[in-house]
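**Q** Just add 2 to the spot in the sequence shown (first one is 1) and you have the working numbering.
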Amino acid sequence: MKKTIKIILVLAPLITVFAVAYFRSNWTDKELKKNGKTTIGRIDSIERLPKWSIIYLSYYINNKKYVFSQDDLGTGITKDDLLKFYEVRYLPSSPEIIRGGYSKQITDTTAILKAGFLREEIANMVNVSD
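(1) Taking only three categories from DSSP, how would you classify Ser95?
(2) Roughly how many whole angstroms lie between the Cα atoms of Leu13 and Lys4?
(3) Tell me the start and end of each unbroken beta strand (DSSP E) in the stretch 55-113 that is at least 3 residues and wholly inside, in chain order.
(4) Give the DSSP bridge partners of Ile163, in chain order.
(5) How far does the alpha helix (DSSP H) with Leu11 in it extend, from its first residue to its last?
(6) Check whether the stretch 80-97 touches the stretch 108-127, counting contact only when three or more Cβ pairs, one atom from each stretch, lie closer than 8 Å.
(7) In the DSSP assignment, what residue or residues form a beta bridge with Ile42?
(8) Short of 6 Å in beta carbon distance, which residues of its chain neighbour Arg44, apart from the five on each side in sequence? Order them along the chain.
(9) Can you list, in chain order, the residues of its chain whose CB lies under 8 Å from that of Asp31, leaving out five sequence neighbours each side?
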C-alpha cells in the first residue's frame, strides 16, 4: 500500500506537467492560427547536441529584436539554412511566442528590411549563399 502511494505521489506531478504543456501547446497553435501575425525571422545559429539540435531564430516586432529557440525536430533545418530568412507567426499579445514556417525561404530584400533587419544582416545572407 505504501509503495502504491509513493508511486502515485511521484507520477501525479509528472503527468500534470505533461498535460499542462500539451494543452498549452495546442492552445498556442490555435491562437496563432486565429490571431497570429506574420513577420520575417532569421536563423542565427544551430547548437548541436548529442540527440537533437536547437535552432536560434531572431526577428523584430515594433523595432524590438527577439531571439527564439526551439528544437529542430521536424523542421528540416540544416547548417545550410544559417543566416537565411523565413516567415514566422507570432501573437501580438505575446510576441515572444512564435512558430516558424521553414518551408518557404524569404529572399525579398525589401520585405526583410521592412521586417526590421538591417542592411548588414541582409548582406550576411548574400555572402553565405554565394
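The C-beta atom is built at its ideal place from N, Cα and C for all residues, glycine as well. Quick caveat, the model's predicted, so the values are computed rather than measured.
**A** Considering the structure as presented:
(1) Here residue 95 refers to the residue found at position 93 of the sequence shown. It is coil, neither helix nor strand.
(2) Within the sequence shown, residue 13 is the residue found at index 11, counting from 1. Within the sequence shown, residue 4 is the residue found at index 2, counting from 1. Distance between the alpha carbons of Leu13 and Lys4: 14 Å.
(3) Counting whole runs of 3 or more residues, the stretch 55-113 contains the beta strand (DSSP E) stretches 55-63, 66-73, 87-93, 96-108.
(4) Because the chain in this structure spans residues 3 to 132, residue 163 falls outside the shown range and cannot be described.
(5) Here residue 11 corresponds to residue number 9 of the sequence shown, with the count starting at 1. That run of the alpha helix (DSSP H) goes 4-37.
(6) Judged by Cβ distances under 8 Å, the stretch 80-97 makes contact with the stretch 108-127, as three or more pairs qualify.
(7) Taking the first residue of the sequence shown as position 1, residue 42 is located at position 40. Among the bridge pairs identified by DSSP, Ile42 is matched with Glu89.
(8) Here residue 44 corresponds to residue number 42 of the sequence shown, with the count starting at 1. Cβ-Cβ distances below 6 Å link Arg44 to Ser60, Phe87 in the same chain, with the five nearest sequence neighbours on each side left out; the list follows chain order.
(9) For the purposes of this step, residue 31 is taken as residue 29 along the sequence shown, with counting starting at 1. Cβ neighbours of Asp31 beyond the five flanking positions: Arg101.
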